[in-house]
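Protein chains in written order, with this note's numbering: chain H, -15 to 97; chain F, 4 to 114.
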């Protein structure tokens, strides 16, 4: 059974800092992993999807890496901005007929101006 | 580009009432998922449909049911509502193994 863990649960950084969010998953037989952003009371916005054949995926100031062998993924945010403040969730396929996504508990990020 | 559409955005019900949530997936997406997110919790998978057939089931109470119609929209029906059903309900869709896109959610409050 897939279990997804995220560390840290919360993070506060000053504006401009680079930061790393961590995601661990127990079942490494995944074909991809997805990172999402969620603002309070809002829906989930897809940030990056990494296929199992890829090691990294980049979008703007965001870079996500995937290491299936160690069951880990990281989301790197460069030059953080107050607008980056949100909860960041990683999700991995949980198996089953449609490979529903299993979510981690998220990292609540606060970027201080 | 079209996104996943959910309605209503907010719903207030009383205990023991019934609620129906609607979801319109992105065109040409073949799989629809329903998730429940309680306050401060991560989204929990409820149920999914592939090409209008139920394909997977998660922690969905027996009081809940869902279906996908011929036009691919899906409805989540919740009966005998309880206080603990208050949550954000998300619908998501995707095509094959591509990115999963979420709707903005329906905030259900049971009083």
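Glycine included, C-beta positions come from ideal geometry on N, C-alpha and C. All values reported here derive from a predicted model rather than from experimental measurement.
Within the continuous beta strand (DSSP E) that includes residue 60 (chain F), where are the two ends? Locating residue 60 (chain F) in the second chain gives position 57, where the first residue counts as 1. Element bounds for residue 60 (chain F): 56 to 60.
Just to confirm my understanding: we take residue 82 (chain F), look at its own chain, exclude 5 residues before and 5 after, and list those with CB closer than 7 Å. What are they? For this step, residue 82 (chain F) is matched to residue 79 along the second chain. Within the same chain, residue 82 (chain F) has close Cβ partners 21, 66.
Taking only beta-carbon positions, decide if residue 67 (chain F) is within less than 8 Å of chain H. As a first step, residue 67 (chain F) must be located in the second chain, where it is residue number 64. It does not; no Cβ of chain H falls within 8 Å.
Against chain F, does residue 89 (chain H) count as a neighbour if the rule is that its beta carbon must be under 8 Å from one of theirs? Looking up residue 89 (chain H) in the first chain gives position 105. With 8 Å as the cut-off, residue 89 (chain H) counts as an interface residue toward chain F.
Select from the segment 14 to 44 of chain H all residues with a C-beta closer than 8 Å to any C-beta belonging to chain F, and list them in chain order. 15, 16, 18, 20, 25, 26, 27, 28, 29, 30, 33
Counting along the chain, where does the beta strand (DSSP E) carrying residue 76 (chain F) start and finish? The count along the second chain starts at 1 and reaches residue 76 (chain F) at position 73. Element bounds for residue 76 (chain F): n/a, residue is neither H nor E.
Please list, in chain order, the chain H residues whose beta carbon lies closer than 8 Å to that of residue 28 (chain F). Taking the second chain and counting its residues from 1, one reaches residue 28 (chain F) at position 25. Within 8 Å Cβ-Cβ: nothing; residue 28 (chain F) doesn't reach chain H, min ~13 Å.
On the premise that residue 93 (chain F) lies in contact with residue 17 (chain H), defined as a C-beta separation below 8 Å, what is that separation, rounded to the nearest angstrom? Counting from one through the first chain, the residue named residue 17 (chain H) turns up at place 33. Counting from one through the second chain, the residue named residue 93 (chain F) turns up at place 90. The pair is not a contact, with the Cβ atoms about 19 Å apart (cut-off 8 Å).
Taking 8 Å as the threshold (beta carbon to beta carbon), is residue 5 (chain H) in contact with chain F? Position 21 of the first chain, counting from 1, holds the residue named residue 5 (chain H). No, residue 5 (chain H) lies away from the interface with chain F (no Cβ there is under 8 Å from its Cβ).
With a CB to CB cut of under 7 Å and the five nearest residues on each side skipped, what residues in its chain are close to residue 83 (chain H)? Walking along the first chain from the start, residue 83 (chain H) turns up at place 99. The answer, listed in chain order, is 77.
Quick check on this structure: which residue in H:52, H:42, H:89 has the alpha carbon closest to the alpha carbon of residue 36 (chain H)? Mapped onto the first chain, residue 36 (chain H) falls at position 52. Answer by Cα proximity: H:52.
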